[in-house]
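**Student:**
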Amino acid sequence: MTTDALSRTFAALADPTRRDMVARLSEGDATVSQLAEPYRMTLQAVYKHLRVLEDAGLVSRPSGPQPRPVRLEAEAFDLMDTWIERHRSRVEQRYRRLDAVLAEMEGDGHGEDHGNRDRSRSEAAGHPDDS
Numbered sequence: 001m002t003t004d005a006l007s008r009t010f011a012a013l014a015d016p017t018r019r020d021m022v023a024r025l026s027e028g029d030a031t032v033s034q035l036a037e038p039y040r041m042t043l044q045a046v047y048k049h050l051r052v053l054e055d056a057g058l059v060s061r062p063s064g065p066q067p068r069p070v071r072l073e074a075e076a077f078d079l080m081d082t083w084i085e086r087h088r089s090r091v092e093q094r095y096r097r098l099d100a101v102l103a104e105m106e107g108d109g110h111g112e113d114h115g116n117r118d119r120s121r122s123e124a125a126g127h128p129d130d131s
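1 is the number of the first residue of the sequence shown in UniProt numbering; add one for each residue after it.
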């Protein structure tokens with residue numbers, strides 16, 4: 001999925017009305033009139049929302065006589081999922097490395113304050129100003 005297509009998809013889903021339409025379509029295909037029922041907007045406004053979802057590849061309407069069903073396109077979700085999972089995997093790897101470093105630090109110092117350990121080294125060496 002190109003960055004432009006990914007941007008269009010996320011931009012389309014940024015609108016709460018379009019997210020609601022997608023959620024409703026996940027239950028099954030619907031006509032534009034059925035999709036428009038719960039909203040306080042004109043049918044023309046619903047068509048504009050659908051156009052954005054279509055341009056992003058999230059929904060499709062087959063050509064033919066009216067009423068035509070609007071259907072969700074699973075492929076768009078597969079591509080978004082791939083992008084999200086790639087980044088989720090990277091973040092999880094970073095956290096695993098951080099957990100390992102923290103566990104190693106706990107094992108080395110047994111809860112000891114590392115700042116005090118540095119101070120004790122200079123005291124043990126005998127600082128020239130101490131005489």
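Here a beta-carbon is modelled for each residue, glycine too, at the ideal position from N, C-alpha and C. Every value quoted in this text rests on a predicted model; they were computed, and no experiment measured them.
Only counting runs of 4 or more residues, tell me where the alpha helix (DSSP H) segments fall wholly within the region 13–101, in order along the chain.
**Tutor:** 16–25, 32–36, 43–55
**Student:** If you count every other CB in all the chains shown that lies within 10 Å of the CB of L35, and 16 or more means buried, which is it?
**Tutor:** Along the sequence shown, one-based indexing puts residue 35 at 35. Burial call: buried.
**Student:** Quick check on the burial criterion: 16 or more other C-beta atoms within 10 angstroms. Buried or exposed for P128?
**Tutor:** Locating residue 128 in the sequence shown gives position 128, where the first residue counts as 1. The predicted model places P128 with a pLDDT of 47, which falls under 50 and marks its position as unreliable; any figure quoted below should be read in that light. Exposed: under 16 other Cβ atoms inside 10 Å.
**Student:** Is V70 closer than 9 Å to A11 when the C-beta atoms are compared?
**Tutor:** For the purposes of this step, residue 11 is taken as the residue at position 11 of the sequence shown. For the purposes of this step, residue 70 is taken as the residue at position 70 of the sequence shown. No, the Cβ-Cβ distance between A11 and V70 is not below 9 Å.
**Student:** When you compare each of E73, G107, R97, D15 to E54 by their alpha carbons, which one comes out closest?
**Tutor:** Along the sequence shown, read from residue 1 onward, the residue named residue 54 stands at position 54. Per the Cα distances, E73.
**Student:** How many Å lie between R40 and F77 at the Cα?
**Tutor:** Walking along the sequence shown from the start, residue 40 turns up at place 40. Walking along the sequence shown from the start, residue 77 turns up at place 77. Each residue's Cα considered, the two are about 28 Å apart.
**Student:** Taking 8 Å as the limit between beta carbons, can you name the residues of its chain near D75, skipping five residues before and five after?
**Tutor:** In the sequence shown, counting from the first residue as 1, residue 75 sits at position 75. One point to set straight first is that residue 75 is Glu, not Asp, in the sequence displayed. So the qualifying residues of the chain are G57.
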